[in-house]
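Here the protein sequences come in this chain order: H and Y.
Numbering follows my numbering, with no gaps: position 49 of the first sequence is 687.
Numbering follows my numbering, with no gaps: position 343 of the second sequence is 367.
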Amino acid sequence: MRSCSAECELLTPGSLEAVLCLLHDEPGLWTPIAGGTEIMVLYGAGKLTERKFVSIAVPELREITEDGGWISVGGGCSFTQIRRHVGIQKHFPMLAQCASWLGGIANQNRGTIGGNLANASPAADSPPALFAYGAELELISARGKRRIPYEEFHLGYKKTALALDELIGTVLLPKRFDDSLRYVRKVGTRNAQAISKICMAATATVKHGHVEEIRIGMGSVAPTPLRLAATERALMGTELTDAAILNVVIWEARRALASETAPIDDIRSTAAYRTLVAGNLLEEMLRTFAGAAR
Amino acid sequence: MQSERVVGQPVFRKEGLAKVLGAARYIDDLSMPGMIYGATVRSAIPRGRVLGIEFSPGIPWDEFTIVTAKDIPGKNYIAMINNDWPCLVDGVVNHPQEPILLLAHPDRHLLPQAVAAVHVRYEEMSSVHSIEESERGRTIIWGEDNVLKSYLLEKGDVDAAFAQPDIIIVVGEYTTGAQEHLYIENNGAIAMYDEHAGVTLWGSLQCPFYAHKSLMAVTGLPEDKVRVIQVETGGAFGGKEDYPSMIGAHAALLAMKSGRPVKIVYDRAEDMAATTKRHPSRTRHRTAVTKDGKLLAADIELCLDGGAYSTLSSTVLSRATIHSGGAYFWPNIRVRSKAYATNTPPHGAFRGFGAPQALFATERHMDRVAKAVGLTPEEFRRRNLLLTGETTSTGQVIRQQIDLQGWMERALDCANYREKKARFDRENPDGVRKKGIGFAVFLHGSGFTGSGERYLNSLVGVDATAEGRIRVLVSSTEFGQGTNTILCQIAAETLGVDYDVVEMAPPDTGIVPNSGPTVASRTAMVVGRLVQSAALGLKQTLIASGLLGERYLTEEFQAAAKAHIGKHGGLCSMSRYQAPPDVYWDDQTYRGEAYAAYAWAVYVAEVTVEVTTYSVAVDDFVALQEVGRVLNPVLATGQVEGGVAQGIGYALYEKVSWDRGLMKNNQMTNYIIPTSQDLPKIRVYFEEVPFEHGAYGAKGIGELPMDGPAPAILNAIAHATGEDFNAIPLLPEDIAERLAAGAPAAQEMATV
């Protein structure tokens with residue numbers, strides 16, 4: 639450990655209300671820590687700049703509930719909880735799948751969905767599925783609650799819509815994708831315990847061979863996890879069942895994708911590879927959907 | 025040969041129970057009364073002069089023990105072949121992460137801050153960071169020409185062979201990258217100093233007497249005032265051959281200055297950035313072959329990147345040079361090899377020791393030569409593989425009964441090679457998943473090269489304790505590979521007693537004789553043989569003394585041993601190395617018996633290259649080898665499986681990202697090794713041709729499995745894709761760059 643525990647302070651208020659009060663009374667002073675799978679890595683490497691932490695591992699944030707048309711996942715739910723939840727497996731299988739791809743078993747036991755989103759890594763595993771499933775977030779503070787579409791959460795590299803006194807209370811998933819076509823893929827540095835070089839999830843409705851609705855999320859191709867709005871626009875209404883037309887659609891979609899992504903060279907991969915493979919995944923998705931629609 | 029009771033049986037590991045129960049104590053589990061903790065201030069530049077060292081305020085410096093090169097009582101080097109590797113920087117820095125200054129304090133949590141608060145001012149000098157830059161020689165960083173060592177191996181008349189008419193000439197260049205050992209336990213040591221006893225070092229290490237030699241040099245203490253004890257060691261792979269002498273010397277210097285026991289244990293980031301790796305290489309082959317596919321001549325130029333100091337590079341280069349010819353008969357061969365200096369932490373020993381680099385080039389090249397003469401890889405190899413009675417590239421006559429052609433056929437059959445090859449050729453054009461199958465045939469010399477074993481002059485003992493237990497006395501160490509188990513098996517077999525009553529004496533230089541370093545696949549063959557002979561001596565002593573009959577039970581043997589000890593005060597038998605007869609080696613011309621024996625192998629890899637992501641999956645792996653007598657089938661199989669996994673990592677995953685000599689990805693998140701989810705079933709087969717001078721016929725096995733996977737896999741990828749990839753590690757990014765050279769989207773548009 640390259641950090642010194644004596645230099646750090648950790649509060650464990652024990653209840654959601656007490657945590658929110660603390661964050662409200664001293665905004666910006668306390669860094670929330672849930673599973674710690676990100677913070678403790680930085681701590682071990684001596685790269686953690688924060689010194690004051692408040693544990694948000696409280697029971698109120700750890701519930702998954704099904705209510706009418708929605709499944710609500712508490713921000714403190716672990717990926718193990720998510721991957722094992724029968725309702726999520728049934729209605730949002732790509733989210734369960736992404737949860738199973740995240741880190742190792744220990745990471746899945748400790749790491750939370752709220753932490754995964756608030757940490758805001760462009761390479762995070764759960765965001766693409768949340769985009770594809772039209773997720774919404776309920777942000778909570780001592781001041782009250784507000785609900786936003788997940789698309790409005792990421793504002794820039796490691797910048798989110800969370801105010802200093804806010805936490806991710808709930809991730810809300812509408813149960814309206816059971817009949818959608820779906821595509822999900824993670825390209826990691828290896829098959830397990832890997833950070834994504836690129837990851838993608840999509841849902842679509844194809845009627846009479848034409849795209850009626852499509853939602854695509856992608857990671858590691860921009861400073862934030864990205865919903866591919868331009869690519870979706872380019873695909874809306876297009877025909878997938880004619881082979882010659884499909885080639886044109888793919889070409890147009892690749893072009894739209896290139897217009898809204900800006901991958902970089904980093905320690906895990908190269909911009910050139912990411913650009914190429916993002917396009918290949920998009921093509922694989924369209925061919926999969928076309929095959930299913932025929 | 026199958027009549028033994030203990031040898032050849034899958035007996036349990038001697039230390040296995042303690043490891044499984046968590047009772048085994050590694051270096052960081054140990055504590056000494058009054059012990060304090062050490063840390064290392066390292067260079068931040070690749071090359072330059074140290075102008076000054078400043079200690080920032082805010083740290084209680086008076087509480088710290090501080091050691092610089094000025095505090096070294098003896099010589100400022102790690103005692104190796106050339107003694108050019110400084111223990112601590114004295115004025116000049118030659119690579120990033122070079123140790124400059126040592127700190128020790130009772131509170132280990134204060135050390136990272138203290139290390140960060142030491143500011144070293146430098147005058148930077150130009151530095152060298154690749155074989156090519158070093159070869160160009162614009163900046164000279166070592167000796168007169170940056171060449172740490174060079175060899176010339178020559179057999180026959182190479183130039184005349186290339187001048188013949190009607191031959192085909194095939195050329196190729198092959199490169200391999202650095203590789204990190206990634207043993208589970210990082211480097212660590214504890215040293216204690218006492219005016220009367222001298223220095224005692226406990227360490228996670230392979231070679232107690234190497235550390236002993238270096239500590240004598242650094243401390244200036246005599247032989248009997250330096251004692252080195254190996255503690256349970258969590259993996260090594262060659263990475264704990266030389267570096268423990270460094271960290272051990274550092275701990276000793278701090279202990280001498282502070283007067284207290286000092287522990288230094290690296291964390292993963294420091295271990296990966298500062299300690300040794302496998303030598304990167306570049307090999308150029310020029311091959312003359314007849315139109316009917318008979319090899320005529322090889323002209324090979326092999327270069328290694330040795331890093332900033334010569335350390336073990338000359339011996340790694342030597343093994344690479346000798347293995348360059350592979351398992352083939354060459355009427356004419358020339359190998360010119362050089363190890364170049366670069367401003368990188370010195371590259372060191374790593375399982376295979378130069379052979380994986382050389383054999384990657386040779387076995388990749390042989391597939392290309394086969395193609396050039398219009399033969400299949402297997403038919404081309406069949407025509408050229410070494411036969412008993414033929415000579416290797418050093419002119420060594422193969423006396424052992426080998427059957428490389430038959431072993432190749434067996435391995436190919438096990439892999440269902442021919443049927444799969446035909447099927448993949450048929451199915452590949454349509455799919456986005458391209459399948460391929462490829463193989464490599466290779467060899468690995470057991471034991472030290474040439475006259476090395478004679479210089480080592482190893483000594484081992486077998487003794488009995490007053491309680492009637494039998495002990496094996498060697499400096500050969502256990503670090504996961506099975507030394508304890510096989511040596512006890514050999515002793516138990518020879519003595520005619522139960523395996524359970526035989527144990528290893530503590531690996532302590534104050535107790536055990538010098539049986540040489542635990543390296544070079546020499547423990548089973550060389551040390552094992554000496555254990556066999558020492559055990560035989562012990563048994564004969566008891567029989568000759570009349571205390572033991574010709575037939576006896578274990579308890580009777582133990583009673584006889586106790587009686588002997590009661591009468592004579594002890595019972596011990598020693599055995600010293602003797603070279604096998606008719607062995608000739610010339611260090612100058614590189615002619616003669618390079619190794620007492622070779623292990624042989626044929627590895628077959630089946631892969632899928634997925635062209636959506638350009639990723640490679642190894643789907644099936646057949647590893648067939650002839651390693652002499654297999655002493656313990658479970659351990660031997662484990663050695664092969666582990667070596668193959670490490671070889672798959674070497675070929676497809678493990679890439680050290682360098683930034684001017686500094687490893688940037690010094691964390692397991694970004695230095696990628698394969699997990700169980702990335703590995704195929706590894707199917708292990710043995711052929712056994714007992715070697716008469718090895719223990720119960722054993723030859724070396726530890727390094728062999730590291731040599732074959734990379735060329736077999738790259739040959740399979742060439743089959744799958746039709747593209748020649750000649751560099752490892754081969755990552756999806758590299759495959760993408762080649763396969764997607766034309767923009768796919770644009771091409772598709774053209775077809776609409």
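Every residue, glycine too, gets a C-beta built ideally from N, C-alpha and C.
Computed from a predicted model, the values in this text were never measured in an experiment.
Helix, strand or coil at residue i according to DSSP, with G and I counted as helix
| i | result |
| --- | --- |
| Y:Arg156 | The sequence shown places Glu at residue 156 of chain Y, rather than the Arg named in the question. Here Y:Glu156 sits in helix by DSSP. |
| Y:Asn440 | coil |
| Y:Pro123 | strand |
| H:Lys835 | strand |
| Y:Asn739 | helix |
| H:Pro812 | strand |
| H:Asn747 | helix |
| Y:Asn452 | helix |
| Y:Val536 | coil |
Residue j beta carbon less than 9 Å from that of residue i
| i | j | result |
| --- | --- | --- |
| Y:Val242 | Y:Leu278 | no |
| Y:Thr400 | Y:Gly685 | no |
| Y:Ser700 | H:Ala744 | no |
| Y:Ala740 | Y:Val631 | yes |
| Y:Gln381 | Y:His468 | no |
| Y:Ile191 | Y:Ala185 | yes |
| Y:Leu655 | Y:Ile422 | no |
| H:Glu921 | H:Arg892 | yes |
| Y:Gly259 | Y:Gly504 | yes |
| Y:Tyr175 | Y:Ser342 | yes |
Sequence-distant residues of its chain with Cβ nearer than 6 Å to residue i (five each side left out)
| i | result |
| --- | --- |
| Y:Arg308 | Glu197, Glu325 |
| Y:Arg442 | none |
| H:Cys646 | Arg689 |
| H:Thr926 | Tyr821 |
| Y:Gly262 | Ala373, Phe374, Arg375 |
| Y:Glu747 | Arg762 |
| Y:Ala751 | Thr199 |
Residues of its chain near residue i, where Cβ-Cβ distance is below 7 Å and the 5 sequence neighbours each way are ignored
| i | result |
| --- | --- |
| Y:Thr335 | Met104, Trp109, Asp266, Pro370, Gly372 |
| Y:Leu428 | Ala351, Leu409, Leu410, Val465, Trp624 |
| H:Thr827 | Ile833, Lys835, Arg906 |
| Y:Pro84 | none |
Residues bridged to residue i (per DSSP)
| i | result |
| --- | --- |
| Y:Arg707 | Y:Val646 |
| Y:Arg306 | Y:Thr199, Y:Cys327 |
| Y:Ile60 | Y:Val286 |
| Y:Gly98 | DSSP lists no partner for Y:Gly98. |
| Y:Phe79 | Y:Val142 |
| Y:Leu483 | Y:Arg600 |
| H:Arg865 | H:Gly855 |
| Y:His129 | Y:Tyr61 |
| H:Pro670 | H:Val692 |
| Y:Gln691 | Per DSSP, none; premise fails for Y:Gln691. |
Nearest candidate by alpha-carbon position, reference residue i, set the options
| i | options | result |
| --- | --- | --- |
| Y:Met296 | Y:Thr200, Y:Leu206, Y:Glu711, Y:Ala394 | Y:Leu206 |
| Y:Ile90 | Y:Val713, Y:Gly283, Y:Phe463, Y:Tyr627 | Y:Gly283 |
| H:Gly782 | H:Ala683, H:Glu870, H:Val886, H:Cys659 | H:Cys659 |
| H:Ala767 | H:Trp739, H:Ser779, H:Ile786, H:Arg784 | H:Trp739 |
| Y:Leu383 | Y:Tyr576, Y:Tyr627, Y:Ala558 | Y:Tyr627 |
| H:Arg722 | H:Trp708, H:Glu701, H:Glu655 | H:Glu701 |
| H:Ala930 | H:Lys797, H:His846, H:Pro760, H:Asn754 | H:His846 |
| Y:Glu477 | Y:Gln424, Y:Thr542, Y:Ser348 | Y:Thr542 |
| Y:Lys179 | Y:Lys318, Y:Gln420, Y:Asp683 | Y:Gln420 |
| Y:Val498 | Y:Val393, Y:Val255, Y:Pro531, Y:Phe715 | Y:Pro531 |
Contacting residues, own chain, Cβ-Cβ under 8 Å from residue i (five flanking each side not counted)
| i | result |
| --- | --- |
| Y:Gly212 | Tyr50, Ile51, Asp52, Gly227, Ser228, Ile271, Lys287, Ile288, Val289, Tyr290 |
| Y:Val776 | Caution applies to Y:Val776, whose pLDDT of 32 falls short of 50 and renders its modelled position unreliable; the model cannot decide the point. |
| Y:Thr637 | Pro756 |
Closer than 8 Å: residue i CB and nearest the ligand GDP heavy atom
| i | result |
| --- | --- |
| Y:Thr299 | The ligand GDP is absent from the structure shown, which contains no ligands of any kind. |
Chain B contacts from the region 906 to 932 of chain H (Cβ-Cβ distance under 9 Å):
You won't find chain B in this structure, because its protein chains are H and Y.
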